[in-house]
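Accompanying notes for the structure given below.
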Amino acid sequence: MRNTAMNMVHKLAARDERVLYIGSDPGAGTLRAMSKEFPKRHLIEGISEAHIIGMSAGLAMEGFVPYVNTIATFLTRRCYEQVAVDLCLHNLPVRLIANGGGLVYAPLGPTHQAIEDIAIMRALPNMTVICPCDADEAARMMDKTLDWTGPIYIRLGKGGDAIVSKAEHGFEIGKAILMRPPGDVLMVTTGIMLQRAIAAADLLAAQGVRAGILHMHTVKPLDTEALLQAIRGIKLLATLEEHVPSGGLGSAVAETLIDKLGSGLPAMLRLSLPDRFMHNYGSQDSLLKKHGLAPNAIATSIEHALAASRTSSPQLHST
Amino acid sequence: MIQISPHAEAALTCTLDERSLYLRRLVLGSVRSAGRGHVGPALSLIEMVRVLYDDVLRIDPQNPRDPERDRAILSKGHGCLALYALLADRGFFPLSELDGFCGSDSILGGHPEYGMVPGVEASTGALGHGLSIGVGLALAARMRERSYRTFVLLGDGEINEGSVWEAAMGAAKHGLDNLVAMIDYNKLQSYGPTDYVLPLEPLADKWRSFGFAVQEINGHDVGALRTVLKQVPAVPGKPTAVICHTVKGKGLPPAESNADWHHKNKLSDSELDAIRVAVGDF
């Protein structure tokens, strides 16, 4: 996914002279081909994220479309004020390509694990937040970023994620993709939780439970219309995210339902990471598994919540 | 032992001409109307802004978004009263707007906002942002082969922020000789003396070592400001830093070098009298 997104920056640069790549101190050889073809538009500016965001704002004020790239935690925590003031307040078309969203950097520990990035980015007015699920979708997504108004936060996965997106679904920023029609259950996912949701849906189907999947690649602006359409007739709404419970996809979905429906909400299960820093290493998969976000555990949680929803009035569940 | 710069001594003793007094009347009139405002940081800045807008910047108030205009960013956004006075006086917006400072429907807030105030290039107020934005503007000029220059006005307290020094390294890396950092070195930040809060000396050596061509002047000397600012870049291939030795609250004796006047709320009758004595009726 990361290589695809990077290569798309090069392709966009070939298509449009406004496109810049701005890295802090990325891995050796990052976008080497672009650096040779467009050396003046391939900028490596040092481990100075606060400055890089401000500089990107200045370049965007002059008509450039900078694609800024570093590790997700550094692109969100380190320079939050610059993102808020220089990019969002001025509503400038700077794209933040965040490597290692979620638990990708599991072995490197909590300084490198972006577990609250969606929350803090979506809290900012004018910010768009996108979490593609695989490399193919990342390519389609990048294509749409060129002329989008305002800043975009792009949360990238590890790379090598199973390709589950489909070309025929296309990609429009802010338009969710219904991957499977809803049954008793609807799972709403973002990023690489889609692969887990598909596997969980298969497990549930084997148990006779029909579970739909709405892939909310754009967490902000949230596709309210698609969400309201997809929850019709369901008994349980489950949100899946590689993120702390505060402020991420589950929050966004719950807020939207409360705002739009007010009452008569479906039973809801928010599956997320816990509200704490990770103190285990291992791998993205092992940490997801540890926190109940592997397909088996997702399916089990949904079965339990579905059973509970049948015996009680609608209520909010959380793990 | 750090030597006191002769420019700092000159800043303390120099007198102000009628235009500088007039601009102070505009600033203090806004404070009187609003019942609030950053007085000291604006008064130290007035001559720097005055010379920029009167004599240096290639700008057209009737065409404030001209692509070829010089860019100026007030990175120390809390000094906005000085900027507002100049912009109003130069015709970017009516002088009457100054009386609405900080009002609920005013275009003029306690920090300047892009898109609200004609002539304001960037929203500032949070410190340590302007020089990076300026690097982006200057780099864009280079890439687009445009001749405009970028001037960034920084406070001395502001350059406590590490992001300023990240930006300085970036400016030097790119050899941005179309970029000028002007430091309002009034030696007094919100709490007290810069030497106490976070010592900056040797300040000129710092900027020099970060790759800037450095000029030091009395920041209230209009002639010296004109001379220096009309000779940028000071060294081809290098960004320029102009360290302007100034006096916080300059021109208003009770406010001079007085941290209590960093931000003022309602002005008392005796303070209004002192202002009239210092700058004339307003």
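Each protein sequence line maps, in turn, to chains A and B. First residue of the first sequence: 777, per the working numbering; consecutive thereafter. First residue of the second sequence: 140, per the working numbering; consecutive thereafter. Backbone N, C-alpha and C define an ideal beta-carbon position, used for all residues, glycine too. No experiment lies behind these values; they were computed from the predicted model shown.
Given a cut-off of 8 angstroms on the beta-carbon distance, is the pair N845 of chain A and G799 of chain A in contact? yes
Could you tell me the distance, in whole angstroms, from the CA atom of H177 of chain B to the CA atom of D801 of chain A? 39 angstroms
Look at the alpha carbon of T1076 of chain A and the alpha carbon of R956 of chain A, and state the distance between them as a whole number of angstroms. 19 angstroms
Determine the DSSP secondary structure at L368 of chain B, reduced to helix, strand or coil. helix
Is the Cβ-Cβ distance between T966 of chain A and E1017 of chain A less than 8 angstroms? yes
Could you have a look at T925 of chain A and say whether DSSP puts it in helix, strand or coil? coil
Just mark R1046 of chain A as buried or exposed, buried being the case when its beta carbon has 16 or more other beta carbons within 10 Å. buried
Could you tell me the distance, in whole angstroms, from the CA atom of E1031 of chain A to the CA atom of G1038 of chain A? 10 angstroms
Identified DSSP bridge partners for T755 of chain A: Absent from the model: residue 755 of chain A. The displayed extent of chain A is 777 to 1095, so no value can be given.
Can you pull the chain A neighbours of S262 of chain B, defined as C-beta to C-beta under 7 angstroms? V861, L865, H866
L270 of chain B and V291 of chain B look like a contact to me (Cβ under 8 angstroms); what is the Cβ gap, rounded to whole Å? 5 angstroms
Going by DSSP in three states, Q983 of chain A sits in which element: helix, strand or coil? coil
Taking the DSSP output, what are the residues bridged to P842 of chain A? A:L796
Any idea what DSSP makes of P869 of chain A, helix, strand or coil? coil
Chain A residues whose Cβ lies nearer than 9 angstroms to that of H250 of chain B: Ordered by position in chain A, no residue passes the 9 angstroms Cβ test against H250 of chain B, which lies about 10 angstroms from the chain.
At a CB-CB cut-off below 8 angstroms, which residues of chain A make contact with V274 of chain B? H827, G830, M831, G834
When you compare only the Cα positions, how much space is there between G433 of chain B and L160 of chain B? Nothing about residue 433 of chain B can be reported from this structure: the residues present for chain B run from 140 to 421 only.
R931 of chain A versus D228 of chain B: straight-line alpha-carbon distance, rounded: 47 angstroms
Which bits of chain C does F840 of chain A rub up against, with CB to CB less than 7 angstroms? In the displayed structure, chain C is absent; the protein chains listed are A and B.
Chain B contact for Q858 of chain A (CB, 8 angstroms cutoff): yes
With the cut-off set at 8 angstroms, would you say I322 of chain B and L293 of chain B are in Cβ contact? yes
Closer than 8 angstroms to chain A by CB, Y253 of chain B: yes
Below-8 angstroms beta-carbon distance, M837 of chain A vs any chain B residue: yes
Contact set for L337 of chain B: own chain, Cβ-Cβ below 6 angstroms, skip 5 residues either direction: N299
Could you check the C-alpha separation between Y287 of chain B and L234 of chain B for me, to the nearest Å? 27 angstroms
As a quick exercise: from B:F421, B:D412, B:K387, B:L155, pick the residue whose alpha carbon is nearest that of H217 of chain B. B:K387
Taking C383 of chain B as part of the beta strand (DSSP E), name the residues at either end of that continuous run. 379-384
Taking the alpha helix (DSSP H) that I246 of chain B falls in, what are its first and last residues? I246 of chain B -> no alpha helix (DSSP H), and no H or E assigned at all.
Where the alpha helix (DSSP H) through N779 of chain A begins and ends: 778-791
In the DSSP assignment, find the unbroken alpha helix (DSSP H) run with E355 of chain B in it and report its ends. Element bounds for E355 of chain B: not the alpha helix (DSSP H) but the beta strand (DSSP E), 352-357.
What do you get for L318 of chain B, buried or exposed, if any count of 16 or more other CB atoms within 10 angstroms of its CB means buried? buried
Candidates A:I953, A:D937, A:A938, A:G936: which alpha carbon is nearest E944 of chain A's? A:I953
Roughly how many whole angstroms lie between the Cα atoms of S941 of chain A and K951 of chain A? 14 angstroms
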